[in-house]
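Peer 1:
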Amino acid sequence: MSTMQSLLEFFAENKNDDIFAIGKYIEIHITENWQILLEKHHDKLLRAFERAGDMAYGAYLNFLFRPVHIQLKQINLYPQPRLPGDFSISREWGNKEETNQQRWMWSSIKSTKGNSLGTIVTIIFHDHNEFRISQKPGIIALAQTDKNAVVDALSQLSSDFQKAREFQIEYEEYLRNQT
């Protein structure tokens, strides 16, 4: 893995410390490390997928975001919930074969004083049939922090997002149809 510049150094270099700078910092980290981490943890993630399915993608994202969490903590910031976000309100869509899926989830970034800086949205491209991340995870930084405002902003960016339902709603519907 590449040596990560500290978030504080990144802010100083870019003369900016807002949510968009945080998003750019995370995006650079992902660009430099997403494939390296896939290769490093490949066997472990394959076994996790065989045992627990899509939860293996959560394990991968934990590896990917661990250094980001450390950097945020060092400057008294924290994501709420932990990056990449709340699975229950995330939205997913993809092709009929489920080999090219996108899941969008998000976290608000807050200071330890309680101020909200904005929201970081993570997009994970994945496959439901085998463990495969087809492309670099995406990052979107938003000034909005309220759930409805975030959903509105993302719906304007993507008609697929707008049409997709929250995981929790989709899952409840699935369970109702099983009985």
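If you want the working numbering, it's the 1-based position in the sequence shown plus 142.
For glycine and all other residues, C-beta sits at the position ideal for the given N, C-alpha and C.
Could you name each continuous beta strand (DSSP E) segment of 3 residues or more that falls completely within the segment 184–234, going from the start of the chain to the end?
Peer 2: Entirely contained in the segment 184–234, the beta strand (DSSP E) runs reaching 3 residues are, in chain order, 219–222.
Peer 1: For the segment 210–223 and the segment 188–200, state whether three or more C-beta atom pairs, one from each stretch, are separated by less than 8 Å.
Peer 2: No: the two stretches stay apart, fewer than three of their Cβ pairs being nearer than 8 Å.
Peer 1: Need the endpoints of the alpha helix (DSSP H) that A291 sits in, please.
Peer 2: What you label residue 291 is simply residue 149 of the sequence shown in a count that begins at 1. Counting along the chain, the alpha helix (DSSP H) containing A291 begins and ends at 289–299.
Peer 1: Classify S232: buried if its beta carbon has 16 or more other beta carbons within 10 angstroms, exposed otherwise.
Peer 2: Numbered from its first residue, the sequence shown carries residue 232 at position 90. Counting Cβ neighbours within 10 Å, S232 comes out buried, since at least 16 surround it.
Peer 1: On the DSSP letters alone, give me the boundaries of the alpha helix (DSSP H) that Q177 sits inside.
Peer 2: For this step, residue 177 is matched to residue 35 along the sequence shown. It spans 161–182 - the alpha helix (DSSP H) in which Q177 sits, taken as one unbroken run.
Peer 1: With distances taken Cα to Cα, identify the nearest neighbour of H184 among Y167, I170, Y202, R193.
Peer 2: Translated into positions along the sequence shown, residue 184 becomes position 42. The shortest Cα separation from H184 among Y167, I170, Y202, R193 belongs to Y202.
Peer 1: From I262, S300, Q213, pick the residue whose C-alpha is nearest to that of L284; which is it?
Peer 2: Position 142 of the sequence shown, counting from 1, holds the residue named residue 284. Ranking I262, S300, Q213 by Cα distance to L284 puts I262 first.
Peer 1: CB L225 to CB D160, shorter than 8 Å?
Peer 2: Counting from 1 along the sequence shown, the entry for residue 225 is found at position 83. Counting from 1 along the sequence shown, the entry for residue 160 is found at position 18. Not closer than 8 Å, so no.
Peer 1: Count the other C-beta atoms from every protein chain shown that fall within 10 angstroms of the C-beta of D269, then say buried if there are 16 or more, exposed otherwise.
Peer 2: Your numbering for residue 269 matches position 127 in the sequence shown. So D269 ends up on the buried side.
Peer 1: Determine the DSSP secondary structure at A285, reduced to helix, strand or coil.
Peer 2: Locating residue 285 in the sequence shown gives position 143, where the first residue counts as 1. In the structure shown, A285 sits in coil (DSSP, three-state: anything other than H, G, I, E or B).
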